[in-house]
């Protein structure tokens, strides 16, 4: 990397942090005067790329500092420079852009902007929509029967006369059928043939004569994969931008990781006014979620051309886009009930709130169940029996003897077998009308969205916090409702988190000592409790799918089977939650998830405050737990706290404790809503006892 200085040596010193291999930075004085102006210049493959925004010298060091910070957060050097010049705010990858398109520092080549005469034709509303990418002209006539109007002809395996002939045939076919055909890469041919448009990748922009394309009345689409490429495209002002790949794709090797729906939403927000096309790995099941980001076009390759019936597949995409634009909603085509199913589900059909239409909803629903253990067993059994058409069973564990006390899906003969595979066999035997997907891959951030995509709802019965936080994060990223349940000792909890409400991280903020809670492997649990809570969880899933009754949306149900104490708590969205209250969801990172340390205190700090008489203790455990051991203070079980909080003295703040710091966090939230200052004892009474 080389750094060239302009008239000020200090610029070179301030710019050293902008230096990386393959990227050349040059700062020059742009105008005479007491305050010189500077701007960045890259040379990419010998071609100059200017950043249009001019930076006054007093700000140069601040820009360099921001680039250093952005690089440390994971931004590429090119993106970091664009961000540092466009905004004074330092953001992490995945956060909302802190500027509008008007404020974006764009990249141009070789001038600040194309000449005033270079203006690409704009697109009218509806001229993108479903966008089929094909490799031969024959596809145009075949898929036009499905109502496809917009195509891209992308040919990679022809050259010379054969290529020219195929492109000419494509343009002629499109013209005769009234189709909109974009030619990929070959801009000269597109201009000569008078094609509707040409689509160029970033590498093709270096050699393309943009003025010739525009003057010929040929529209321009440009591929983008990162902020720098978006900034470069904005400087050109094309007819549309394409963003991708959105999801994993095997069609071609991509140097960029899948961007996901979150990134697509950020691009749409930033590029308001510029038509945006989503591309890469999109299936029919993804269509509604992709369109929900507001994009004007959805480009598809293999989901149509490699489908068993491409004409039918194309028609479903066309009709899906039309339905979404009309109603704001899309789901896969529903299947009717067979005679056998009518007989099987007769008890459901007699219920006015279910009936035939409700049972069809269940049949066409797709539910992903995380965990096939104590909670997952009754959950899956009842969902399969109820006729939920597709059940995804995500569990990478094997059956152990110790599981049989509560995991009623399995028998002793299943020990050492994969839980998901055994569950599939058993559930399909219970109801042959149900399709069960055994998903045995370990759930990690890298595959979570791929696993969750295509499901309507997620039910989480996992027994560890890392998985729960990942499930919550993924559901937020995809806009999926989440029905979550957990059990411990004699107490169970169930909550429903919907996209417009709070999330699991609002209830239990990450990195608040939750690892000390343990799992079923190291804590006791009453076996029948999992049956009770798994059945409640199944009921919530069915209610959500049918749209009936009053669900636990934004509520937490707490049930103690020893006393049958039952309490329901309101779960508002926490405005400080980094998962559901940020403008754009950040990439998942459990270890680095922001914690709310201000809501909890250590044992040492609590002892110090007690000695100084600054606080009171509040025990929110059950009567039975307090009878065994306590450290003094007031006692009001969590199940009664919301109703009886006014009975507590309010002359001092509270440090709230429970067994290990889980219930006390919820108690602190309840007290805070009533204006009572409180903290949670980190690690609970277990930590206090050492």
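In this note's numbering, the protein residues as written are 1 to 690.
Ideal placement from N, C-alpha and C gives every residue a C-beta, glycine not left out.
Quantities reported herein were computed from a predicted structural model and do not represent experimental measurements.
**OP:** State buried or exposed for residue 669, treating a residue as buried only when at least 16 other CB atoms are found within 10 Å of its CB.
**Re:** What you label residue 669 is simply residue 669 of the chain shown in a count that begins at 1. Buried, since its Cβ has 16 or more Cβ neighbours within 10 Å.
Subject >> Contacting residues, own chain, Cβ-Cβ under 8 Å from residue 443 (five flanking each side not counted) >> reply: As a position in the chain shown, residue 443 is number 443, starting the count at 1. Excluding residues within five positions, the ones whose Cβ falls inside 8 Å are 370, 394, 396, 451, 467, 470, 471.
Original post:
Can you name the start and end residues of the alpha helix (DSSP H) that residue 567 belongs to?
Top reply: Indexing the chain shown from 1 puts residue 567 at position 567. No alpha helix (DSSP H) contains residue 567, which is instead part of the beta strand (DSSP E) from 565-570.
Original post:
Closest to residue 684 by CA distance: which of 604, 128, 264 is it?
Top reply: Within the chain shown, residue 684 is the residue found at index 684, counting from 1. For residue 684, the nearest C-alpha among the options comes from 604.
Original post:
How is residue 286 classed by DSSP in three states: helix, strand or coil?
Top reply: Within the chain shown, the letter at position 286 stands for residue 286. Residue state, collapsed to three classes: helix.
Subject >> residue 461 classed as buried or exposed, judged by whether at least 16 other C-beta atoms fall within 10 angstroms >> reply: Here residue 461 is taken as the residue at index 461 of the chain shown, counted from 1. Burial check for residue 461: the Cβ neighbour count within 10 Å reaches 16 or more, so the residue is buried.
Subject >> First and last residue of the uninterrupted beta strand (DSSP E) at residue 474 >> reply: Locating residue 474 in the chain shown gives position 474, counting from the first residue. Under the DSSP assignment, residue 474 falls outside any beta strand (DSSP E), being part of the alpha helix (DSSP H) whose first and last residues are 465-478.
Subject >> Enclosing alpha helix (DSSP H) for residue 348 [first to last residue] >> reply: Position 348 of the chain shown, counted from the start, is the residue given in the question as residue 348. According to the DSSP assignment, residue 348 belongs to the alpha helix (DSSP H) that extends over 346-349.
**OP:** Could you pull out every residue in the same chain whose Cβ sits closer than 6 Å to the Cβ of residue 673, ignoring the five residues on either side in sequence?
**Re:** Position 673 of the chain shown holds residue 673. Nothing meets the Cβ criterion.
Original post:
Using DSSP with H/G/I as helix, E/B as strand and the rest coil, what is residue 113?
Top reply: Along the chain shown, read from residue 1 onward, the residue named residue 113 stands at position 113. Note on residue 113: pLDDT 43, under 50, position unreliable in the model; no value is reported.
Original post:
The alpha helix (DSSP H) spanning residue 168 covers which residue range?
Top reply: As a first step, residue 168 is located in the chain shown; it is residue number 168 there, counting from the start. 160-177 is the extent of the alpha helix (DSSP H) around residue 168.
Original post:
Based on the DSSP secondary-structure assignment, which residues constitute the bridge partners of residue 493?
Top reply: Taking the first residue of the chain shown as position 1, residue 493 is located at position 493. 486, 558, per the DSSP bridge assignment.
Original post:
Is residue 121 near residue 219, with beta carbons less than 9 Å apart?
Top reply: Stepping through the chain shown from its first residue, residue 121 is reached at position 121. Stepping through the chain shown from its first residue, residue 219 is reached at position 219. Closer than 9 Å, so yes.
Original post:
Quick one: what does DSSP say residue 655 is sitting in, helix, strand or coil?
Top reply: Position 655 of the chain shown, counted from the start, is the residue given in the question as residue 655. Residue state, collapsed to three classes: strand.
**OP:** On the DSSP bridge assignment, give the partners of residue 184 in chain order.
**Re:** Position 184 of the chain shown, counted from the start, is the residue given in the question as residue 184. Its beta-bridge partners are 199.
Original post:
What's the call for residue 403, buried or exposed, on a 16-neighbour Cβ count within 10 Å?
Top reply: Here residue 403 refers to the residue found at position 403 when the chain shown is read from its first residue. Residue burial is scored here from C-beta neighbours: residue 403 has at least 16 other C-beta atoms within 10 angstroms and is therefore classed as buried.
**OP:** Could you spell out the range, first to last residue, of the alpha helix (DSSP H) harbouring residue 665?
**Re:** Here residue 665 is taken as the residue at index 665 of the chain shown, counted from 1. Taken as a continuous stretch (DSSP letters only), the alpha helix (DSSP H) holding residue 665 covers 663-673.
Original post:
Looking at the structure shown, is residue 103 part of a helix, part of a strand, or coil, going by DSSP?
Top reply: Here residue 103 corresponds to residue number 103 of the chain shown, with the count starting at 1. Residue 103: helix per DSSP, three-state reduction.
Original post:
With respect to the alpha helix (DSSP H) encompassing residue 400, which residues constitute its N-terminal and C-terminal limits?
Top reply: Taking the first residue of the chain shown as 1, we reach residue 400 at position 400. Note, residue 400: premise wrong, no alpha helix (DSSP H); not H, not E.
Subject >> Close-in-space but distant-in-sequence residues of the same chain around residue 209 (CB under 6 Å, 5 per side omitted) >> reply: By one-based count along the chain shown, residue 209 stands at place 209. Taken in chain order, the list of residues that qualify is empty.
Subject >> Whole-number beta carbon distance between residue 392 and residue 455, since they are thought to touch under 8 Å >> reply: Indexing the chain shown from 1 puts residue 455 at position 455. Indexing the chain shown from 1 puts residue 392 at position 392. Right, their Cβ atoms sit about 6 Å apart.
Subject >> Same chain, Cβ closer than 7 Å to residue 320, neighbours up to 5 away in sequence not counted >> reply: Numbered from its first residue, the chain shown carries residue 320 at position 320. So the qualifying residues of the chain are 284, 287, 330.
**OP:** Inspect the beta-carbon positions of residue 617 and residue 656 and report whether they are closer than 9 Å.
**Re:** As a position in the chain shown, residue 617 is number 617, starting the count at 1. As a position in the chain shown, residue 656 is number 656, starting the count at 1. With respect to residue 656, residue 617 sits close: the two C-beta atoms are nearer than 9 Å.
**OP:** In the DSSP assignment, find the beta strand (DSSP E) that holds residue 604 and state where it starts and stops.
**Re:** Here residue 604 refers to the residue found at position 604 of the chain shown. DSSP places residue 604 outside any beta strand (DSSP E); the residue lies instead in the alpha helix (DSSP H), whose first and last residues are 603-612.
Subject >> Where the beta strand (DSSP E) containing residue 213 begins and where it ends >> reply: Translated into the one-based positions of the chain shown, residue 213 becomes position 213. Here residue 213 belongs to no beta strand (DSSP E); instead the alpha helix (DSSP H) covers 210-215.
**OP:** Would you mind listing the alpha helix (DSSP H) stretches within the region 374-437 that are 4+ residues and don't spill past its ends, in chain order?
**Re:** For the region 374-437, whole alpha helix (DSSP H) runs of length 4 or above, ordered along the chain, are 376-386, 419-430.
Original post:
Secondary structure at residue 97, three-state DSSP: helix, strand or coil?
Top reply: For the purposes of this step, residue 97 is taken as the residue at position 97 of the chain shown. If DSSP states are grouped into helix, strand and coil, residue 97 belongs with coil.
Original post:
With respect to the alpha helix (DSSP H) encompassing residue 315, which residues constitute its N-terminal and C-terminal limits?
Top reply: Here residue 315 refers to the residue found at position 315 of the chain shown. It spans 310-327 - the alpha helix (DSSP H) in which residue 315 sits, taken as one unbroken run.
Subject >> Three-way DSSP call (helix, strand, coil) for residue 677 in this model >> reply: By one-based count along the chain shown, residue 677 stands at place 677. Reduced to three states, the DSSP call for residue 677 is coil.
Original post:
Would a C-beta distance cut-off of 9 Å place residue 260 and residue 246 closer than the cut-off?
Top reply: Within the chain shown, the letter at position 260 stands for residue 260. Within the chain shown, the letter at position 246 stands for residue 246. Cβ atoms of residue 260 and residue 246: closer than 9 Å.
**OP:** Look at residue 649 and residue 634 and say whether their C-beta atoms are less than 9 Å apart.
**Re:** Position 649 of the chain shown, counted from the start, is the residue given in the question as residue 649. Position 634 of the chain shown, counted from the start, is the residue given in the question as residue 634. Yes, these two residues count as a Cβ contact at 9 Å.
Original post:
Considering only the beta carbon of each residue, do residue 277 and residue 295 sit closer than 9 Å?
Top reply: Residue numbering aside, residue 277 sits at position 277 when the chain shown is read from its first letter. Residue numbering aside, residue 295 sits at position 295 when the chain shown is read from its first letter. Contact flag set, yes.
Original post:
By a C-beta neighbour count over all protein chains shown, 10 Å radius and 16 as the cutoff for buried, is residue 275 buried or exposed?
Top reply: As a first step, residue 275 must be located in the chain shown, where it is residue number 275. Result: buried.
**OP:** Give the single residue among 187, 157, 79 whose Cα lies nearest to the Cα of residue 207.
**Re:** As a working note, residue 207 is residue 207 in the chain shown. Residue 187 is the option with its Cα nearest to residue 207.
**OP:** Would you mind reading off the limits of the alpha helix (DSSP H) that contains residue 506?
**Re:** By 1-based counting over the chain shown, the position of residue 506 is 506. In the DSSP assignment, residue 506 falls within the unbroken alpha helix (DSSP H) covering 504-507.
Subject >> Supposed close pair residue 494, residue 557 - CB separation, criterion 8 Å >> reply: Here residue 494 refers to the residue found at position 494 of the chain shown. Here residue 557 refers to the residue found at position 557 of the chain shown. A Cβ-Cβ separation of about 5 Å places residue 494 in contact with residue 557 under the 8 Å criterion.
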